[in-house]
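*Asks:*
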Amino acid sequence: MPDPRPVLFILGLFVVALGVAMLLPMLADAATGHPDWRIFALGAGVTVFVGGALILMNRGGAVTLDVRQGCLLTTSSWVVICVFAALPFTFGELNLSFTDAFFEAMSGLTTTGSTIMVGLDAMPPGVLLWRALLQWLGGIGIIAMAVAVLPFLRGGGMQLFRMESSDRSAKILPRAGQIAASFGAAYFVLSVACAVCYWIAGMGAFDAITHAM
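The numbers in the sequence shown follow numbering that gives the first Met the number 0, run straight up by one, and end at 212.
1. Shortest alpha-carbon distance to phenylalanine 88 belongs to which of Val66, Gly138 and Ile115?
2. When burial is assigned at 16 or more other CB atoms within 10 Å of the CB, is serine 181 buried or exposed?
3. Under DSSP, the alpha helix (DSSP H) around methionine 25 begins and ends at which residues?
4. Taking the Cβ atom as the reference point for each residue, do threonine 111 and glycine 138 lie within a distance shorter than 8 Å?
5. Which residue from Gly91, Ala52, Val14 and Leu127 puts its Cα closest to that of valine 78?
6. Go ahead and label aspartate 120 buried or exposed: buried means 16 or more other beta carbons lie within 10 angstroms of its beta carbon, across all protein chains shown.
7. Leaving out the 5 sequence neighbours to the left and right, which residues in its chain are closer than 6 Å to histidine 33 when beta-carbon positions are compared?
8. At what residues does the alpha helix (DSSP H) containing asparagine 57 begin and finish?
9. In angstroms, rounded to a whole number, what distance separates the CA positions of methionine 21 and leucine 189?
10. Thinking C-beta only, is leucine 12 closer than 8 Å to isoleucine 54?
11. Would a C-beta distance cut-off of 8 Å place alanine 104 and leucine 133 closer than the cut-off?
12. Relative to the C-alpha of glycine 107, which candidate in Leu26, Trp129 and Gly203 has its C-alpha closest?
13. Is tryptophan 198 near alanine 207, with beta carbons less than 8 Å apart?
14. Expressed to the nearest angstrom, what Euclidean distance is found between the alpha-carbon atoms of leucine 93 and phenylalanine 187?
15. If you drop the 5 nearest sequence neighbours on each side, which residues of the same chain put their C-beta closer than 7 Å to that of alanine 29?
16. Taking the straight line between their C-alpha atoms, what separation do you get for isoleucine 80 and valine 47?
17. Which word fits methionine 25, buried or exposed, when buried means at least 16 other C-beta atoms lie within 10 angstroms of its C-beta?
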C-alpha cells in the first residue's frame with residue numbers, strides 16, 4: 000500500500016486553497032448585505048481548518064510521489080475538493096440537498112456546464128461568484144494546481160503530471176516553477192482579457208467577471 004502521507008499533505012494544500020477562495024464570494028455577499036456571507040465565512044473556516052490539519056499532520060521529510068501515489072492523489076483530489084466546495088450550496092440560501100450540491104460542485108470543477116439550479120438571475124452574488132469561481136478553477140484543472148507545488152515534489156511531481164496529461168514527452172519547460180508560472184500567467188491574462196471584452200460590450204463589472212470565469 001502506498002504511503003498516504005505525501006498524498007494527504009498535498010491534498011491539504013488544495014483544500015486550504017479552496018477555503019481561501021471562499022473568501023471572495025463571502026466578500027461579494029457582505030458588500031451587498033446578503034446574509035449568506037456568514038455561510039461562506041464558516042465554510043472557509045472549516046475548509047482551511049481541515050486542510051491545515053492535513054498539512055500539519057503529514058508534513059516533514061521530502062515530499063515525493065510514485066505512480067500509485069499520483070493515482071491516489073488525483074482521484075482523492077476530485078472527490079474531497081468537491082465535498083468542501085458543496086458546503087456553501089448546502090447550507091446557504093439555496094438549501095440544496097448534499098447530493099445536488101455535490102453535483103453542482105463537481106459540474107463546476109470539471110467544467111461540465113450542467114446545473115440543477117433555476118432562476119440564476121435572482122440568486123445572491125456570492126452563489127453566482129462561487130459557481131463561476133469553481134468553473135474558473137476547474138478550467139485550469141487540478142493538474143495545474145499540482146504543478147504549482149511540483150517544486151516540492153522533486154521527480155515524483157512528474158508522475159502526477161502524467162496522471163492527468165496525455166503528453167508523454169519530456170518536461171515542457173526545464174523547471175517546474177517555470178511550468179507553474181507559464182500556466183498561471185497565460186490563464187490569468189486570458190481571463191482578464193475576456194472580462195474586459197464583456198465589459199466593453201456593455202456588461203456590468205460583476206457579470207463580466209463571472210461570465211469570463
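Glycine included, each C-beta is placed from N, C-alpha and C at the ideal position.
The structure displayed is predicted, hence computed values, not measured ones.
*Replies:* Inspection of the coordinates gives the following:
1. Residue mapping note: residue 88 aligns to position 89 of the sequence shown, counting from 1. The residue with the shortest Cα to Cα distance from phenylalanine 88 is Ile115.
2. By 1-based counting over the sequence shown, the position of residue 181 is 182. Answer is exposed; the Cβ neighbour count stays below 16.
3. Start at 1 with the first residue of the sequence shown, and residue 25 comes out as number 26. Taken as a continuous stretch (DSSP letters only), the alpha helix (DSSP H) holding methionine 25 covers 22-31.
4. Here residue 111 corresponds to residue number 112 of the sequence shown, with the count starting at 1. Here residue 138 corresponds to residue number 139 of the sequence shown, with the count starting at 1. No, the pair does not count as a contact, with Cβ atoms beyond the cut-off.
5. For the purposes of this step, residue 78 is taken as the residue at position 79 of the sequence shown. Checked all of Gly91, Ala52, Val14 and Leu127; the closest Cα to valine 78 is Val14.
6. Here residue 120 refers to the residue found at position 121 when the sequence shown is read from its first residue. It is exposed - the Cβ of aspartate 120 has fewer than 16 other Cβ atoms within 10 Å.
7. As a working mapping, residue 33 is identified with position 34 in the sequence shown. So the qualifying residues of the chain are Pro123.
8. By 1-based counting over the sequence shown, the position of residue 57 is 58. Residues 36-57.
9. Here residue 21 corresponds to residue number 22 of the sequence shown, with the count starting at 1. Here residue 189 corresponds to residue number 190 of the sequence shown, with the count starting at 1. Their Cα atoms are separated by approximately 22 Å.
10. Here the question's residue 54 lines up with position 55 in the sequence shown. Here the question's residue 12 lines up with position 13 in the sequence shown. Cβ atoms of isoleucine 54 and leucine 12: closer than 8 Å.
11. Translated into the one-based positions of the sequence shown, residue 104 becomes position 105. Translated into the one-based positions of the sequence shown, residue 133 becomes position 134. Result yes, Cβ atoms of alanine 104 and leucine 133 sit closer than 8 Å.
12. Within the sequence shown, numbered from 1, the residue matching residue 107 stands at position 108. Nearest of Leu26, Trp129 and Gly203 to glycine 107, Cα basis: Trp129.
13. Within the sequence shown, residue 198 is the residue found at index 199, counting from 1. Within the sequence shown, residue 207 is the residue found at index 208, counting from 1. Contact: yes.
14. Locating residue 93 in the sequence shown gives position 94, counting from the first residue. Locating residue 187 in the sequence shown gives position 188, counting from the first residue. Whole-angstrom Cα-Cα distance: 30 Å.
15. Along the sequence shown, read from residue 1 onward, the residue named residue 29 stands at position 30. Closer than 7 Å at the Cβ level, and outside the excluded window around alanine 29, lie Trp36.
16. One-based indexing of the sequence shown puts residue 80 at position 81. One-based indexing of the sequence shown puts residue 47 at position 48. Roughly 12 Å between the two C-alpha positions.
17. Residue 25 sits at position 26 when you count from the first residue of the sequence shown. The residue in question, methionine 25, is buried, as its Cβ has 16 or more Cβ neighbours within 10 Å.
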